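>
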Amino acid sequence: MISEHSNNGCEHAIVVRHLKKSFRKRKRQRYFRYKVTEELAVNDVSFFVSPGETYGLLGPNGSGKSTLIRILSTLLIPDGGEVRVLGHRLPEEEKAVRWKIGRVSVDAAFYKKLSARENLLYSAHLYGLNPRSAEKRAFGILERLGIESHRFSDPLEEMSRGMQQKISIARALMINPPMLLLDEPTTGLDPKSRRDVQKFIEQLREEEGTTILLTTHDMAEAERLCARIGFLAKGKIVAEGTAAELRQQAGVVSFEDVFIRLTGENLSEDLT
Amino acid sequence: MARLILLGGQQMLAFVFRNYHLTRRYFGWVVVFSFYAVVNSATIALIGVAMNDPRLTMTLVIGAMMWGFLSQLFNDVSMAIAYERWEGTLEYTFMAPVSRFAHLIGESIYAVFYSMIRLFLILIGVALFVDLDLSHTNWIGLIVTLMVSSLAFIGLGLIAATLPVMSPERGAEATNIFQGSLLLVSGIYYPVEILPAWLQPLAKLSPATYALSACRKLMGVGSPADETGRFYGAPISAILPELATLLLMGW
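Same order as they appear, the protein sequences are chains A and B.
According to this note's numbering, the residues represented by the first sequence are 49 to 320, in order.
According to this note's numbering, the residues represented by the second sequence are 435 to 685, in order.
#1: Just to confirm, are A:S171 and A:S201 a CB contact at a threshold of 7 Å?
#2: Please list the partners that A:F187 has in chain B, where partner means a Cβ-to-Cβ separation under 9 Å.
#3: Which stretch, first to last residue, makes up the beta strand (DSSP E) that contains A:E86?
#4: What residue does the alpha helix (DSSP H) around B:V619 start on, and which one ends it?
#5: Measure how close the beta-carbons of B:A595 and B:L504 come, nearest whole angstrom, since I'm counting them as under 8 Å.
#6: Which residues mark the beginning and the end of the alpha helix (DSSP H) in which A:L229 is found?
#7: Am I right that A:M227 and A:T259 are in contact with their C-beta atoms under 8 Å? What's the rounded C-beta distance?
#8: For B:F528, return the contacting residues in chain A, with the cut-off set at a CB-CB distance below 7 Å.
#9: Skipping 5 residues on each side, what residues in its chain have a beta carbon closer than 8 Å to that of A:E130?
#10: Using a Cβ distance threshold of 8 Å, determine whether the region 627 to 639 of chain B contacts the region 603 to 612 of chain B, with at least three qualifying pairs required.
#11: Hey, would you say B:M600 sits closer than 7 Å to A:L123, going by beta carbons?
#12: Which one or two residues does DSSP pair with A:Y103 in a beta bridge?
#13: What distance in whole Å lies between the Cβ atoms of A:F279 and A:T311, which are believed to be in contact at a cut-off of 8 Å?
#14: List in chain order: all unbroken alpha helix (DSSP H) runs of 4+ residues lying wholly within the region 539 to 613 of chain B.
#15: Candidates A:E101, A:D92, A:F158, A:R76: which alpha carbon is nearest A:P126's?
#16: Would B:L447 and A:G176 be called neighbours here (beta carbons separated by less than 7 Å)?
#17: Quick check on DSSP: helix, strand or coil for A:P203?
#18: Would you say A:E166 faces chain B, with C-beta separation under 7 Å as the test?
#19: Please confirm if B:V532 has its CB atom under 7 Å from at least one CB of chain A.
#20: For A:H12, count the other beta carbons within 10 Å of its own beta carbon; 16 or more makes it buried, fewer makes it exposed. Which is it?
#21: Distance, Cα to Cα, A:E142 vs A:L229?
#22: Between the Cα of B:G494 and the Cα atoms of B:G621, B:V450, B:L597, which residue gives the shortest distance?
#23: Excluding the five sequence neighbours on either side, which residues of its own chain have a C-beta within less than 6 Å of the C-beta of B:A514, listed in chain order?
#24: Using only alpha-carbon positions, find the residue among B:M492, B:W685, B:C649 that is nearest to B:A672.
#25: Taking 8 Å as the limit between beta carbons, can you name the residues of its chain near B:S569, skipping five residues before and five after?
#26: First and last residue of the beta strand (DSSP E) that includes A:K161?
#27: Just the Cα atoms here: how many angstroms apart are B:Y666 and B:L590?
#28: Taking contact to mean 3 or more Cβ pairs, one atom from each stretch, closer than 8 Å, check whether the region 459 to 477 of chain B and the region 546 to 562 of chain B are in contact.
#29: What span of residues does the beta strand (DSSP E) with A:V63 cover, start to end?
#30: At a Cβ cut of 7 Å, what residues of the region 496 to 527 of chain B count as close to chain A, listed as they run along the chain?
#31: Please confirm whether A:Y103 and A:R276 have their CB atoms less than 7 Å apart.
#32: Under 8 Å: do the region 181 to 195 of chain A and the region 139 to 155 of chain A share three or more Cβ pairs, one atom per stretch?
#33: Please list the partners that B:Y460 has in chain A, where partner means a Cβ-to-Cβ separation under 7 Å.
#34: Cα-Cα, which of A:G110, A:L252, A:P203, A:R132 is closest to A:L94?
#35: Check whether the Cβ of B:Q445 lies closer than 7 Å to any Cβ atom in chain A.
#36: What span of residues does the alpha helix (DSSP H) with A:A291 cover, start to end?
Written out as structure tokens, the structure is:
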């Protein structure tokens, strides 16, 4: 049973209890006949994240990680269970949650023809921020992530995936959110960009106390960044704890072996 | 309350800002599509010139212009959601604390401005091919009609915009079929009366029918030409029934 509060008496930043989410799929049989099937993407998942904690969700492709992130970012409505984000119930208080979360997803979703500056200013207007101060904050983040200021006016389509992902991080942090949802933020990045992003996440946690929910396929990244890790397989959390606890539970040394042992799955093909 | 209004205004401005910069970045395509629209309108208008019939020419010019304006407006508004889905930005827009009202009104404001500027550029382009006498056109009435008919078309566009949310592919397909049906039944280039009897009632449901009727009156197509062949545009009072119907549809 998950309590409403963390050890230090503060309310948990994220509380998920018995969460369920399924999707209906319509498959065409013959002519106008369709077969409707229901796939359970998240099946009775419960976990919590304390304020300022970095919690990792690891699982193979299709295990329900992105569905969980979408529910927490108010994009999907759960079929059952309870979800609380920063004290707000979802989906009832989704408006309040939207002001307080930033999200970075695996594909940096931008208007590729627009420049970094134009994309960031567009977001600043959406969140009702003062464009000048939001721009200053975003550019500060980008400089810390190693992007040179002369690239700010370049269209995003002319930038590498790593640079686009860094701009996506700047966009999420521009609103100064107390919670960050990072959905495979380093997938497909070169080692230098990946290290830049990981270092920045560490700094963010230490300096700002931001609560972070991270999904990743990178075991080393999860071990480095996350205080606790939950393994998700076929929509269920199959193991949870610190990296050391999970290692002990699996009885193997390599964290990749821990993942395979506890989830019963091979590592994803897109493991980088 | 004032803070909420200011926030809503800024969020609407976000979509105007974004669309303005997208237009700027896609300027090459804007020129290409505008060129095509000018040539399309001019070739339609030249049918009237070939027939040596100024009234027919004017009818065709008005039809081409108005359809160019209204279809652009409808397209921009109705495809607002589908476009974001193609760009992959829809989830970010939907998880931002923006009401759908502010979102779609912001899109509509830019669409009206863009469609109007495009309309006047096309009019200038068509004037290079066709000798148009617009000296007695009721321009104020025309602008009023454009604004009022915009409301009705924005309303239709907003309804259509929600279709791709329900079904991405089918929704976009349905929007195009709907737009084509409006072109057919609204009497853009011909009187509605020549349509098959079973189709004619549908013309009454299309805002384009009333917008065109008003524009023809304001440009004098419905009135007899004087001895020099000039058409005299009617005053706004003559198009009050059309304006009232359009307002009602927009509401």
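For each residue, glycine too, the CB sits at the ideal point set by N, CA and C.
Predicted model, so just to flag it, every value in this text is computed and none were measured.
This is what the structure gives:
#1: Their beta carbons are not under 7 Å apart, which means A:S171 does not touch A:S201 by this criterion.
#2: Simply none; closest approach about 18 Å.
#3: 82 to 97 is the span of the beta strand (DSSP E), which, as asked, contains A:E86.
#4: Boundaries of the alpha helix (DSSP H) harbouring B:V619: 602 to 619, taken from the DSSP string.
#5: Going by Cβ atoms, the distance from B:A595 to B:L504 rounds to 16 Å, so no, they are not a contact pair.
#6: Careful: A:L229 lies outside any alpha helix (DSSP H), inside the beta strand (DSSP E) at 227 to 231.
#7: Separation of the CB atoms of A:M227 and A:T259 is rounded to 5 Å, and the pair is thereby assigned contact status at 8 Å.
#8: Neighbours of B:F528 in chain A, taken as residues whose beta carbon is under 7 Å from its own, are L123 in chain order.
#9: The answer, listed in chain order, is V63, V64, R65, H66, L67, R137.
#10: Contact between the region 627 to 639 of chain B and the region 603 to 612 of chain B is absent: fewer than 3 CB-CB pairs across the two stretches fall below 8 Å.
#11: Taking 7 Å as the cut-off, the beta carbon of B:M600 is found no closer than this to the beta carbon of A:L123.
#12: In the DSSP output, where bridge partners are listed per residue, A:Y103 has A:L261, A:R276.
#13: 5 Å between Cβ atoms; contact.
#14: At a cut-off of 4 residues, the continuous stretches assigned as alpha helix (DSSP H) that sit fully inside the region 539 to 613 of chain B are 573 to 595, 597 to 600.
#15: It is A:D92.
#16: Result no, Cβ atoms of B:L447 and A:G176 do not sit closer than 7 Å.
#17: In the structure shown, A:P203 sits in a strand (DSSP, three-state: E or B).
#18: Yes, its Cβ sits closer than 7 Å to a Cβ of chain B.
#19: For B:V532, the answer is yes, since a Cβ of chain A falls inside 7 Å of its Cβ.
#20: Missing from the structure shown is residue 12 of chain A; chain A here goes from 49 to 320 and no further.
#21: Here the alpha carbons of A:L229 and A:E142 stand approximately 15 Å from one another.
#22: It should be noted that the sequence gives Leu, not Gly, for residue 494 of chain B. The residue with the shortest Cα to Cα distance from B:L494 is B:G621.
#23: Apart from sequence neighbours up to five positions away, the residues of its chain that approach B:A514 with a beta-carbon distance below 6 Å are E541, A595, ordered along the chain.
#24: Ranking the options by Cα distance to B:A672, first place goes to B:C649.
#25: So the list reads R664, once near-sequence residues are dropped.
#26: For A:K161, there is no enclosing beta strand (DSSP E), as DSSP marks it with neither H nor E.
#27: Distance between B:Y666 and B:L590, taken at the CA atoms: about 32 Å.
#28: In short, these stretches touch, since the Cβ pair count reaches three.
#29: Where A:V63 is concerned, the enclosing beta strand (DSSP E) stretches over 62 to 76.
#30: Taking 7 Å as the Cβ-Cβ cut-off against chain A, the residues of the region 496 to 527 of chain B that qualify are E521, G522, T523, E525, Y526.
#31: Contact: yes.
#32: Counting Cβ pairs under 8 Å, fewer than three are found: no touch.
#33: By Cβ distance, chain A contributes K161.
#34: Note that residue 94 of chain A is Ser in the sequence shown, not Leu. Minimum Cα distance to A:S94 is reached at A:R132.
#35: Taking 7 Å as the threshold, the shortest C-beta distance from B:Q445 to chain A falls below it.
#36: From DSSP, the alpha helix (DSSP H) with A:A291 extends over 291 to 298.
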